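The opening residue of the sequence shown carries number 1 in full-length UniProt numbering; numbering runs sequentially from there. We treat Cβ as the ideally placed atom computed from N, Cα and C, and that holds for glycine. Quantities reported herein were computed from a predicted structural model and do not represent experimental measurements. Here is the structure we will look at.
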Amino acid sequence: MVVRHDERWHAIVGLPLALAPGRHQLRVVGADDAARDVAFTVRSKKYATQHITLQDERMVEPSSQDLERIQRDKRVIGRAFASWTEEAVPPLRFALPADGKLSSGFGLRRVFNGRPRQPHSGLDIAAPAGTAVTAPAAGTVVETGDYFFNGKTVFIDHGQGLITMYNHLNKIEVAAGGRVARGQRIGEIGMTGRATGPHLHWTVSLNRSSVDPLLFLPPAISAQPAAEPRADVGGR
1 MVVRHDERWH
11 AIVGLPLALA
21 PGRHQLRVVG
31 ADDAARDVAF
41 TVRSKKYATQ
51 HITLQDERMV
61 EPSSQDLERI
71 QRDKRVIGRA
81 FASWTEEAVP
91 PLRFALPADG
101 KLSSGFGLRR
111 VFNGRPRQPH
121 SGLDIAAPAG
131 TAVTAPAAGT
141 VVETGDYFFN
151 GKTVFIDHGQ
161 GLITMYNHLN
171 KIEVAAGGRV
181 ARGQRIGEIG
191 MTGRATGPHL
201 HWTVSLNRSS
211 VDPLLFLPPA
221 ISAQPAAEPR
231 ADVGGR
């Protein structure tokens with residue numbers, strides 16, 4: 001993502017959770033095709049561990065038939081996150097997409113029924129089923145679907161590789177290809193897919209890397225830490 005600020009251009013890059021601590025390099029290529037390498041350092045960070053108990057063992061150890069569906073889901077989800085549209089001024093500040101309690105933060109190390117699984121790739125907002133889910137900024141709906149782990153899901157493209165995803169919905173109220181405005185209702189909170197209680201799992205992806213949604217929220221919200229890891233609110 002490239003934005004203009006104080007008469008200068010700034011590139012903002014999402015880094016994956018799995019990126020190892022240490023020195024790394026990015027190659028920056030300008031409009032004139034001139035390239036330069038920019039070095040940066042990733043520091044280590046310790047994330048809390050969340051233990052979750054699921055009654056449906058298939059959500060921990062899927063059957064062979066489930067695995068086939070999961071692979072199909074991954075391909076669709078991967079294409080959605082790879083969406084790219086030019087946007088002169090992509091949003092850098094989001095509104096919270098649902099009223100509720102921040103229940104599980106980004107990066108939690110997750111253990112389902114005693115078995116370690118992938119870290120938490122988003123922010124969970126716990127709220128009663130039926131609570132409205134709204135677009136945090138303007139964008140285009142690039143995909144909707146019902147997936148094995150994620151349940152009923154909406155993807156919004158905000159431009160320049162910035163994609164948001166909304167999981168476990170009870171109801172989807174938008175269609176792929178439609179334009180949404182900031183604050184427009186896109187669905188309602190539920191517990192479809194791998195979830196043990198009604199909540200919204202919200203992912204923010206920048207250049208195909210999930211990043212902490214708190215980075216895009218106003219300081220008054222991002223200063224509020226998510227609640228202590230709980231076992232009764234699931235999500236991916």
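Residue i in three-state terms, based on DSSP
i	result
V141	strand
L67	helix
D73	helix
P165	Correcting the residue identity first, residue 165 is Met in this sequence and not Pro. It is a strand residue.
R23	strand
F81	helix
P128	coil
F216	helix
P221	A small correction: the amino acid at residue 221 is Ile; Pro does not occupy that position in the sequence shown. Correct three-state label for I221: helix.
R43	coil
E188	strand
Residue i to residue j span [Cα, whole Å]
i	j	result
G114	Y166	26 Å
D6	G107	32 Å
Q160	A95	19 Å
E57	A48	24 Å
V2	A35	16 Å
A220	G177	33 Å
G39	R4	Per the sequence shown, the amino acid found at residue 39 is Ala instead of Gly. C-alpha separation (whole angstroms): 21 Å.
R236	R93	Only weak support exists for where R236 lies, its pLDDT of 48 falling under 50; the coordinates are left without a value.
P97	R185	9 Å
A20	L26	15 Å
S121	E68	22 Å
Selected residue, minimal CA-CA separation from residue i, among the options
i	options	result
P90	R43, S104, I12 and G100	I12
V211	T134, I163 and D66	I163
E61	G105, V42, F112 and P128	F112
E87	A137, G151 and N150	A137
V42	E57, A132 and G22	G22
Q71	F149, G187 and I189	F149
A31	A181, K46, Q65 and W9	W9
G130	D99, E68 and D37	D99
I189	A181, I125, I156 and V180	I125
K46	P119, H24, D66 and S63	P119
C-beta atoms of residue i and residue j nearer than 8 Å
i	j	result
G183	T134	yes
A127	P198	yes
L215	L123	no
L200	H168	yes
R109	I52	no
G151	K171	no
V174	V154	yes
Q50	S104	yes
Any non-hydrogen atom of the ligand MG within 7 Å of residue i CB
i	result
T49	The ligand MG is not among the ligands present in this structure, which contains no ligands whatsoever.
Min CB distance residue i to chain B below 8 Å
i	result
S210	Going by chain labels, chain B is absent from the structure shown, which holds only one protein chain.
For this session: Pair every Cβ in the stretch 179 to 195 with every Cβ in the stretch 71 to 83, then say whether three or more of these pairs are closer than 8 Å.
Result: no
Problem set entry | contact_flag[the stretch 136 to 145, the stretch 70 to 81] where n(CB pairs < 8 Å) is 3 or more | yes
For this session: Assess, as a yes-or-no matter, whether the stretch 10 to 30 is touched by the stretch 200 to 209 under the definition of 3 or more beta carbon pairs within less than 8 Å.
Result: yes
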